[in-house]
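Protein chains in written order, with the numbering used here: chain Y, 134 to 334; chain H, 134 to 334.
Glycine included, every Cβ here is placed at the ideal spot set by N, Cα and C.
See below for the structure under consideration.
Take a look at the structure:
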């Protein structure tokens, strides 16, 4: 393992961002198997260009990216290509990041960690800020689409240590949040959010 | 018909925005039956709050809103409730508004009208501007979701004069674009974008 392949931790309930050069591969590991990882990417040289789910669905002509598919930016340029996926391929592009409003509606009193604030915090550690909160690529998140376009929130179907890997198609900043949702079982029936990991190599 | 029910034109290939008070009903008419109308809504008192497809899908637990469903904002507050739909109910929340990048990729030389610029122009006529370009509610747009989450771009299934109506759940600014897409048949096999109309009453 080279230094660039160092395992970086996305702490449980927290965000983490990193700089990635064009051509590098980012591998995201579901360390304990039941953790959703909200994922964003921004052009390293212009934060107003970022990975966009609504543009990516149009480009891919599918809802969930698979190996070979490329997520694109809000300017429809290639950003992240899926190069490997050892999970069953269940990820989500439909659902907003959780936020303070979500937890208020779920009855939480006081502050609850959330993916939206984790994005802001992760970028802040790099001295960066997002011009807006794009809809995230929710890795390992299980949102089945059924008859008539109905959707549901279900626990992940991953196993410990499974991963998905992306090749960066431009210099970018990638940002992750280990989703702190512990009210509904989107991070597993135990409702115990955990850490996850990634490598850049 | 009262003055407030006046038929307002969304000109072919163009945008149009209007102010709507809480409780009013906005009816959007597919005048010629094959026209997609991209739709956005913003809190009239704070443009940073706007209708969000990714938050609405989470709230509705479905991809396409039906009568009784409420589209919510990026702060998860009710914005527009569907109160009537005389169309077959085929609308879209998955696909980004068309933009200059889309038409460049489709091989257009020079400028092509597009829904993103139409949003900006429509708001500008009211002296307003959007802080970002939210993913639109694409009325009458036919994006079937099939096996394995595949999606496709198909002509509308509406008939002349069919409409959908929404009740405003807050004071808001609504913005429409009569989609100028004439390269692919998303606005009908004739690929001839037309005008559409709306009322506020």
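Residues of the region 194 to 212 of chain H with a C-beta atom less than 7 Å from some C-beta of chain Y are 194, 195, 196, 197, 208, 209, listed in chain order. Taking 8 Å as the threshold, the shortest C-beta distance from residue 278 of chain Y to chain H falls below it.
Boundaries of the alpha helix (DSSP H) harbouring residue 254 of chain H: 248 to 258, taken from the DSSP string.
Bridge partners of residue 295 of chain Y according to DSSP: Y:163. About 7 Å separates the beta carbons of residue 235 of chain Y and residue 247 of chain Y, which is inside the 8 Å limit, making them a contact pair. For residue 244 of chain H, not one C-beta of chain Y is nearer than 8 Å to its own C-beta.
Along the region 268 to 296 of chain Y, the positions whose C-beta sits under 7 Å from a C-beta of chain H are 268, 278, 282, 283, 284, 285, read in chain order. By the Cβ neighbour-count rule, residue 267 of chain H is buried, with 16 or more other Cβ atoms within 10 Å of its own.
Classified as buried, residue 327 of chain H has 16 or more neighbouring CB atoms from the shown chains inside 10 Å of its CB.
One finds nothing in chain H with a Cβ atom closer than 9 Å to the Cβ of residue 308 of chain Y; even the nearest lies about 17 Å away. If you compare the alpha carbons of Y:332, Y:333, Y:323, Y:334 with that of residue 168 of chain Y, the shortest gap goes to Y:323. When 9 Å is used as the limit between beta carbons, residue 185 of chain Y is near these residues of chain H: 229, 268, in chain order. When Y:296, Y:320, Y:229 are compared, the shortest CA-CA separation from residue 159 of chain Y is found for Y:296. For the pair of segments examined, the region 171 to 190 of chain H was found to touch the region 207 to 216 of chain H: the number of CB pairs separated by less than 8 Å reaches three. Comparing C-alpha distances from residue 258 of chain Y to each of Y:227, Y:309, Y:277 shows the shortest one belongs to Y:309. In the DSSP assignment, the residues bridged to residue 310 of chain H are H:148, H:171. Counting the other CB atoms within 10 Å of its CB gives residue 200 of chain Y a total below 16, which places it among the exposed residues. Taking 8 Å as the threshold, the shortest C-beta distance from residue 265 of chain Y to chain H falls below it.
About 5 Å separates the Cβ atoms of residue 191 of chain H and residue 228 of chain Y, confirming a contact at the 8 Å cut-off. The region 148 to 159 of chain Y makes no contact with the region 274 to 285 of chain Y, as fewer than three CB pairs between them are under 8 Å.
By the CB criterion at 8 Å, residue 203 of chain H and residue 294 of chain H fall outside the cutoff. Proximity of residue 235 of chain H to chain Y, defined by a Cβ-Cβ separation below 8 Å, is satisfied.
Around residue 238 of chain H, the beta-carbon contacts reaching into chain Y at under 8 Å are 209. Per DSSP, the continuous beta strand (DSSP E) segment holding residue 329 of chain Y begins and ends at 329 to 333. Approximately 5 Å separates the beta-carbon atoms of residue 272 of chain H and residue 224 of chain H; this is inside 8 Å, confirming the contact.
Within 7 Å of the CB of residue 190 of chain H, the CB atoms of chain Y belong to 227, 228, 284, in sequence order along the chain. The three-state reading of DSSP puts residue 287 of chain Y in strand, counting E and B together. A straight-line Cα-Cα distance of about 13 Å links residue 147 of chain Y and residue 141 of chain Y. Cα atoms of residue 288 of chain H and residue 275 of chain H: separation of roughly 6 Å, rounded to the nearest angstrom. In the structure shown, residue 318 of chain H falls within a helical segment according to DSSP collapsed to helix, strand and coil. Here DSSP, grouped into helix, strand and coil, assigns residue 200 of chain Y to coil.
Annotation for residue 218 of chain Y: 200, 297 place their beta carbon closer than 6 Å to its own, counting only its chain and skipping 5 residues before and after.
Residue state for residue 233 of chain H is assigned as helix, using DSSP reduced to three classes.
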